[in-house]
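Under the numbering used here, the first residue of the sequence shown is numbered 259, with each subsequent residue one higher.
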Amino acid sequence: MERYIDLQEITDGKTYGENDMVRVGCNGCKGCSACCEGMDDTIILDPLDVYRLAGHLACTFDEMIGRHVELHVQGGLILPSLKMDEQTGKCTFLGSDGRCTVHLYRPGFCRIFPLGRYYEDGDYTYILQIHECPMPNKTKVKVKRWIDTPEPARNRAFINTWHGLQKELQARINAAGDDVTARNLNLFFLRVFYRDPYDQERDFYDQFEERMEEMERLLR
Numbered sequence: 259m260e261r262y263i264d265l266q267e268i269t270d271g272k273t274y275g276e277n278d279m280v281r282v283g284c285n286g287c288k289g290c291s292a293c294c295e296g297m298d299d300t301i302i303l304d305p306l307d308v309y310r311l312a313g314h315l316a317c318t319f320d321e322m323i324g325r326h327v328e329l330h331v332q333g334g335l336i337l338p339s340l341k342m343d344e345q346t347g348k349c350t351f352l353g354s355d356g357r358c359t360v361h362l363y364r365p366g367f368c369r370i371f372p373l374g375r376y377y378e379d380g381d382y383t384y385i386l387q388i389h390e391c392p393m394p395n396k397t398k399v400k401v402k403r404w405i406d407t408p409e410p411a412r413n414r415a416f417i418n419t420w421h422g423l424q425k426e427l428q429a430r431i432n433a434a435g436d437d438v439t440a441r442n443l444n445l446f447f448l449r450v451f452y453r454d455p456y457d458q459e460r461d462f463y464d465q466f467e468e469r470m471e472e473m474e475r476l477l478r
């Protein structure tokens, strides 16, 4: 989720790459699940997140809606986010033992926390959000180990493409200024990247590129 605030207020003033060491190690979050509670609609899901979760849960995106996922509008664009339990305010994937029940398949936002991404000139670096994780005595961990995501180069290319697409769609929706355009773009966007099931036997990034081509044909 994008936030427009002074980075000096929320970070240690540094930026990090995948091979840098950063103080985020927290002993496996032992006895703590603070980042899995009260997050409202801030854990936005991208297509890779949905691919992972749908494969693990053996369900479709539509079947996740209402139970684990909810939709919200950001800059005119409809995006899915993890749903918090209405009674407890906790993530619906948080077990009774305070542990994540989908840890191996957790969304990208959860993987990088308490890191964030700082986008600039078509690429990004990582920032450490110093007020987000309450665990004391953190240890240094290499960023790429912390993120725990295979094929880092392909993942970076995907994230940059996805970020650029969202910005373009938000700009088009806001420039059009009418509900019909917003509705049609959002319906197409949700179908292409979320609602149409991904083939779990095929590489995700190949499928994403195919869907990007479909989206680009509409935007021409």
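In this text, a Cβ means the ideal position worked out from N, Cα and C, and glycines have one as well.
In this text the structure is predicted, and so the values were computed from the model without any measurement.
query                                                                                                                   : result
Alpha-carbon to alpha-carbon, VAL438 and TRP404                                                                         : 43 Å
Buried or exposed by the 16-neighbour rule on C-beta atoms within 10 Å, applied to ALA485                               : An answer regarding residue 485 cannot be provided, because it is not within the stretch 259 to 478 covered by the chain.
Endpoints, the alpha helix (DSSP H) within which ARG430 is located                                                      : 410-434
DSSP three-state assignment for HIS361, whether helix, strand or coil                                                   : helix
Alpha carbon of ASP355 to alpha carbon of GLU459, nearest angstrom                                                      : 32 Å
Run of the beta strand (DSSP E) containing ARG375, from where it starts to where it stops                               : 373-378
Nearest-angstrom beta carbon gap, GLY283 and ARG359 [assumed within contact, 8 Å]                                       : The sequence given here places Thr at residue 359; Arg does not occur at that position. Contact flag wrong, Cβ pair sits at about 22 Å.
Neighbour-count burial assignment, ILE301, 16 or more Cβ in a 10 Å radius                                               : buried
From GLY333, GLU267, CYS293, residue whose alpha carbon lies closest to that of ASN432                                  : GLY333
8 Å Cβ cutoff met for THR346 and HIS326                                                                                 : no
Beta carbon of LEU329 nearer than 8 Å to that of PRO338                                                                 : yes
Residues of its chain near PHE447, where Cβ-Cβ distance is below 8 Å and the 5 sequence neighbours each way are ignored : LEU335, ILE336, LEU427, MET473
8 Å Cβ cutoff met for LEU306 and PHE416                                                                                 : yes
Host beta strand (DSSP E) of LYS402 (start-end)                                                                         : Run containing LYS402: none in the beta strand (DSSP E); it sits in the alpha helix (DSSP H), 401-405.
Candidates ARG281, ALA429, ALA434: closest to ILE388 by CA position                                                     : ARG281
C-beta atoms of CYS294 and MET393 nearer than 8 Å                                                                       : no
Alpha-carbon to alpha-carbon, CYS287 and LEU373                                                                         : 15 Å
C-beta atoms of ARG453 and LEU443 nearer than 8 Å                                                                       : no
Element boundaries [alpha helix (DSSP H), containing VAL438]                                                            : 437-448
Inter-residue Cα distance where the pair is HIS314 and ARG369                                                           : 16 Å
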